[in-house]
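Colleague: Pasting a structure below so you can have a look.
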Amino acid sequence: MIEITAKPYPLRLDPASSALIVIDMQRDFLEPGGFGAMLGNDVSLLRSAIVPCQRLLEVARKAGMLVIHTREGHRPDLSDAPPAKLARGKGPTRIGDLGPMGRILIRGEPGHDFIPELYPLPGEVVLDKPGKGSFCQTDLALILANRGIRSLLVAGVTTEVCVHTTVREANDRGFECVVVSDAVASYFPEFHRVALDMISAQGGIFGWVADSTAVCSALTRIAA
Ligand code: C5J
Numbered sequence: 000m001i002e003i004t005a006k007p008y009p010l011r012l013d014p015a016s017s018a019l020i021v022i023d024m025q026r027d028f029l030e031p032g033g034f035g036a037m038l039g040n041d042v043s044l045l046r047s048a049i050v051p052c053q054r055l056l057e058v059a060r061k062a063g064m065l066v067i068h069t070r071e072g073h074r075p076d077l078s079d080a081p082p083a084k085l086a087r088g089k090g091p092t093r094i095g096d097l098g099p100m101g102r103i104l105i106r107g108e109p110g111h112d113f114i115p116e117l118y119p120l121p122g123e124v125v126l127d128k129p130g131k132g133s134f135c136q137t138d139l140a141l142i143l144a145n146r147g148i149r150s151l152l153v154a155g156v157t158t159e160v161c162v163h164t165t166v167r168e169a170n171d172r173g174f175e176c177v178v179v180s181d182a183v184a185s186y187f188p189e190f191h192r193v194a195l196d197m198i199s200a201q202g203g204i205f206g207w208v209a210d211s212t213a214v215c216s217a218l219t220r221i222a223a
């Protein structure tokens, strides 16, 4: 067991029944010309999460933890994209349209791929999801059950959208979630701050919040 210094109180967890889930660190969200930019966002704001994610991946891999990388995106024929999602957005470019990194938010296109800094290693789970939550219309619950996972370390983007949706889904399914505060990021610093507060408020209504230094030092102690 390890103990992680966290809000609202320290959390003890077993790395053997814990997984690291890195959410949507894709070119479409972090690089110019993708989905995030299409919605009018300053994509450079998400880059603060890259180094903390790298540090988490390094210690989780050394500790032998299950590592999962998610990607948001749709089939090329858009058959898995709800019309209401396709209709939304600012400006003339929409999901499925051609952008500088290929068709926006479409599986197999350059923009849908992971950023090179956080590319999965062979054998790590890559989970394609059509929505914001990682459990919606995916086999994540089955993968976690098969590995006996009960706790999730959650990193990635964006804090208040796909990270929050995944944590809420996981919490309702009985998982303990630790959101790693500097390994998640948002296009909106205020949303980021409030989203983190919402996780740990009310005695940890959705889970715990810890920074990557606290998580890495706890995991390093057992990996040593
Ligand atoms: C968004 C995500 N923001 N990965 N997706 O649309 O948070």
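Just so you know, numbering that gives the first Met the number 0 puts 55 at position 56 of the sequence shown, and the rest follows in order with no gaps. All C-beta atoms in this analysis are idealised placements derived from N, C-alpha and C, irrespective of residue type, glycine included.
Can you tell me which of Pro188, Ser16, Met37 and Leu45 puts its alpha carbon nearest to the alpha carbon of methionine 64?
Modeller: Per the Cα distances, Ser16.
Colleague: Taking 7 Å as the limit between beta carbons, can you name the residues of its chain near threonine 4, skipping five residues before and five after?
Modeller: Contacts found: Ala209 and Ala213.
Colleague: I'd like to know whether the C-beta atoms of serine 150 and leucine 12 end up nearer to each other than 8 Å.
Modeller: For serine 150 and leucine 12, yes; Cβs fall inside 8 Å.
Colleague: CB of valine 156 to nearest heavy atom of ligand 1: below 7 Å?
Modeller: For ligand 1, at least one heavy atom lies less than 7 Å from the Cβ of valine 156.
Colleague: In whole angstroms, what separates the C-alpha of glycine 130 from that of glycine 72?
Modeller: Cα to Cα, glycine 130 sits roughly 8 Å from glycine 72.
Colleague: If you draw a straight line from the C-alpha of tyrosine 8 to the C-alpha of glycine 90, how long is it?
Modeller: Cα to Cα, the separation comes out at about 44 Å.
Colleague: May I have a chain-ordered list of the beta strand (DSSP E) segments no shorter than 3 residues that lie completely inside the segment 173-205?
Modeller: Complete beta strand (DSSP E) runs here, min 3: 175-184.
Colleague: For the pair the segment 140-158 and the segment 99-109, tell me if three or more CB-CB distances fall below 8 Å.
Modeller: No contact exists between the segment 140-158 and the segment 99-109.
Colleague: Could you give the distance in angstroms between the alpha-carbon of leucine 10 and the alpha-carbon of serine 43?
Modeller: Going from the Cα of leucine 10 to the Cα of serine 43 covers about 32 Å.
Colleague: I need the straight-line Cα distance from aspartate 41 to lysine 128, nearest angstrom please.
Modeller: Approximately 24 Å, taken between the alpha carbons.
Colleague: What did DSSP end up calling glutamine 25 once you bin it into helix, strand or coil?
Modeller: Three-state DSSP puts glutamine 25 in a strand.
Colleague: Quick check on leucine 38: does DSSP put it in helix, strand or coil?
Modeller: Leucine 38: coil per DSSP, three-state reduction.
Colleague: Quick check on DSSP: helix, strand or coil for aspartate 127?
Modeller: Residue state, collapsed to three classes: strand.
Colleague: With a threshold of 8 Å, are at least 3 pairs of Cβ atoms found where one atom belongs to the segment 48-55 and the other to the segment 178-185?
Modeller: In short, these stretches touch, since the Cβ pair count reaches three.
Colleague: Give me the DSSP bridge partner(s) of valine 208.
Modeller: Valine 208 is bridged to Lys6 and Val178.
Colleague: Using the rule of at least 16 other Cβ atoms within 10 Å of the residue's Cβ for burial, across every protein chain shown, is aspartate 27 buried or exposed?
Modeller: It counts as buried.
Colleague: Counting along the chain, where does the beta strand (DSSP E) carrying alanine 154 start and finish?
Modeller: 150-156 is the span of the beta strand (DSSP E), which, as asked, contains alanine 154.
Colleague: Is there at least one non-hydrogen atom of ligand 1 closer than 7 Å to the beta-carbon of lysine 131?
Modeller: Checking the Cβ of lysine 131 against ligand 1 gives yes.
Colleague: Taking the straight line between their C-alpha atoms, what separation do you get for valine 166 and threonine 219?
Modeller: Valine 166 and threonine 219: Cα-Cα distance of roughly 24 Å.
Colleague: Closer than 7 Å by C-beta to alanine 36: which residues in its own chain qualify, once you throw out the five before and the five after it? Chain order, please.
Modeller: Result list for alanine 36: Val42, in chain order.
Colleague: If we call anything under 8 Å between Cβ atoms a contact, is glutamine 53 one with aspartate 112?
Modeller: For glutamine 53 and aspartate 112, no; Cβs fall outside 8 Å.
Colleague: Got a sec: does ligand 1 put a non-hydrogen atom nearer than 7 Å to the Cβ of valine 58?
Modeller: Valine 58 Cβ: outside cutoff for every heavy atom of ligand 1.
Colleague: Can you determine whether any heavy atom of ligand 1 sits closer than 7 Å to the C-beta of valine 124, and answer yes or no?
Modeller: Because no heavy atom of ligand 1 lies under 7 Å away, the Cβ of valine 124 does not count as near it: no.
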